[in-house]
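See structure below.
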Amino acid sequence: MTSNRPIDASRRDFLNSAVGVGFALAVQPIAASAIITDGAGLSAGAVEIPTGPAIMPGYAAKPAAASGPLPVVLVVQEIFGVHEHIRDLCRRLAKAGYLAVAPELYFRQGDPSKVASISELVSGLVSKVPDSQVLADLDATLAWAGGNGGDAKRAAITGFCWGGRQVWLYAAHNPRIKAGVAWYGRLQGEPSANTPRQPLDIVAQLHAPVLGLYGGLDKGIPLESVDKMKAALRVAGKPSEIVVYPEADHGFNADYRPSYNAAAANDGWQRMLQWFKQHGA
Numbered sequence: 000m001t002s003n004r005p006i007d008a009s010r011r012d013f014l015n016s017a018v019g020v021g022f023a024l025a026v027q028p029i030a031a032s033a034i035i036t037d038g039a040g041l042s043a044g045a046v047e048i049p050t051g052p053a054i055m056p057g058y059a060a061k062p063a064a065a066s067g068p069l070p071v072v073l074v075v076q077e078i079f080g081v082h083e084h085i086r087d088l089c090r091r092l093a094k095a096g097y098l099a100v101a102p103e104l105y106f107r108q109g110d111p112s113k114v115a116s117i118s119e120l121v122s123g124l125v126s127k128v129p130d131s132q133v134l135a136d137l138d139a140t141l142a143w144a145g146g147n148g149g150d151a152k153r154a155a156i157t158g159f160c161w162g163g164r165q166v167w168l169y170a171a172h173n174p175r176i177k178a179g180v181a182w183y184g185r186l187q188g189e190p191s192a193n194t195p196r197q198p199l200d201i202v203a204q205l206h207a208p209v210l211g212l213y214g215g216l217d218k219g220i221p222l223e224s225v226d227k228m229k230a231a232l233r234v235a236g237k238p239s240e241i242v243v244y245p246e247a248d249h250g251f252n253a254d255y256r257p258s259y260n261a262a263a264a265n266d267g268w269q270r271m272l273q274w275f276k277q278h279g280a
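Take the sequence shown: its letters are residues 0 to 280, numbered as in numbering that gives the first Met the number 0.
And the structure:
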């Protein structure tokens, strides 16, 4: 898949490198449960997404035989960037009939695929990424999708871990989004210059219904914060929903990691697809 202009071989090599061929170093070794979705029947690959004066690398996938504009899903990365797991999720969504696009949202700050430890990744790169930058880059990604085979009027967003938090924020930012699905995204925390608001702070501003998928064994996102979010959604009268899988830990959809819980992941995936269709995406 290409953007509006052709990408020559050297530029394509650069883009493929930028979105992380293979899995990020910080997640090695890869579990035997890792799922690899083939590209049969798909148009998939590196793309260029204009965002202000910069070109943001990304990965997109869609059905190759699509005859008209497709519903769009913005796929927001884990802290590890657009590595093979995120690319694979795009291909899975494409096989379900979507144009799925994952922008490399750290591209201004560095390459997460080359960082060897999670602690170094968080302190040296992720903490430097402002929410305002992410929201603007997601706006640019949606605009790109609308000009490259996608129907921006039928757009949804999903994200995982770091990206799960961004789903909540984006659903309060862009009224064009029809639905969001947040996989184990953090709900509360101390404000900072780069992260001034948390999902619990913006419940009243949600434009789109969000389905939150959480693990009951997740020590990083305690059930207390999940219960607070449920209560806040009820008070605000927002048509969002939260599902907790009692036996699942954080990262339960990450099939390449020991935290993978196949039952919860499969159920969550089907709920996500149903949620998108239910809300017009």
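Just so it is clear, CB atoms sit at the ideal spot from N, CA and C, and this is done for glycine as well.
Helix or strand or just coil, what does DSSP make of residue i?
i, result
"E240", "strand"
"P49", "strand"
"V36", "Per the sequence shown, residue 36 should be read as Thr rather than Val. Reduced to three states, the DSSP call for T36 is coil."
"I326", "Any answer about residue 326 is impossible in this case: the structure gives the chain only from 0 up to 280."
"V81", "coil"
"R91", "helix"
"A23", "coil"
"F159", "strand"
"V125", "helix"
"K229", "helix"
"G267", "helix"
"S258", "coil"
"L216", "coil"
"P208", "coil"
"S66", "coil"
"R153", "strand"
"L98", "strand"
"L73", "strand"
"P56", "strand"
"G43", "For the sequence presented, residue 43 should be read as Ala rather than Gly. A43 falls in the strand class under three-state DSSP."
By Cβ distance, which residues of its chain are closer than 8 Å to residue i, with the 5 residues on each side in sequence left out?
i, result
"L124", "Y105, Q108, G109, P111 and V114"
"M271", "T157, V180, L210 and L212"
"G38", "A60 and R90"
Between residue i and the rest of its own chain, which residues show a CB-CB distance below 6 Å, the 5 nearest in sequence each way excluded?
i, result
"T194", "D130"
"I54", "E47"
"T36", "D87, R90 and R91"
"A263", "Y244, A247 and F251"
"H84", "Y255"
"R4", "Summary for R4: the model assigns pLDDT 38, below 50, so the residue's position carries little reliability; its value from the coordinates is reported in the next sentence. Nothing meets the Cβ criterion."
"V71", "L98, A144, G149 and A154"
Nearest-angstrom Cα distance between residue i and residue j?
i, j, result
"G162", "S66", "31 Å"
"L212", "I241", "6 Å"
"A59", "S116", "27 Å"
"A8", "P62", "Bear in mind that the predicted position of A8 carries a pLDDT of just 47, short of 50, making it too unreliable to give a figure here."
"A207", "A64", "30 Å"
"A192", "V225", "24 Å"
"F251", "G214", "7 Å"
"G21", "Q27", "11 Å"
"Q187", "R164", "9 Å"
"A31", "Q132", "35 Å"
"A231", "S126", "27 Å"
"P198", "S42", "34 Å"
"F159", "Q269", "16 Å"
"D150", "D138", "14 Å"
"G267", "P190", "29 Å"
"P49", "V100", "14 Å"
"G96", "N265", "18 Å"
"K276", "L73", "15 Å"
"G40", "G146", "21 Å"
"K227", "V121", "26 Å"
"G76", "H82", "Sequence check: residue 76 is Gln here, not Gly. Computed Cα separation, rounded: 8 Å."
"D223", "K229", "Reading off the sequence, residue 223 comes out as Glu, not Asp. Going from the Cα of E223 to the Cα of K229 covers about 10 Å."
"Q273", "G279", "10 Å"
"D200", "I78", "22 Å"
Could you name the residues of the same chain whose beta carbon sits closer than 7 Å to that of residue i, not counting the 5 residues immediately before and after it, in chain order?
i, result
"A33", "D254 and Y255"
"D217", "Y183, D248 and H249"
"L134", "L168, Y169 and H172"
"G80", "G19, A23, E103, Y105, P111 and S112"
"S258", "D248, H249, G250 and F251"
"G148", "K61, A65, P68, L69 and L98"
Tell me whether residue i counts as near the ligand FAD, meaning its Cβ is closer than 6 Å to at least one heavy atom of that ligand.
i, result
"W268", "Among the components of this structure there are no ligands whatsoever, and the ligand FAD is therefore not found."
*Could you say if the stretch 79-99 and the stretch 166-183 meet the contact criterion of at least three C-beta pairs nearer than 8 Å?*
no
_For the stretch 235-254 against the stretch 135-152, do three or more pairs of beta-carbon atoms, one drawn from each stretch, fall closer than 8 Å, so that the two count as touching?_
no
*Examine the Cβ distances between the stretch 243-258 and the stretch 176-191 and report whether three or more of them are shorter than 8 Å.*
yes
_Unbroken stretches of the beta strand (DSSP E), 3 residues or longer, contained in the stretch 165-196_ = 176-182
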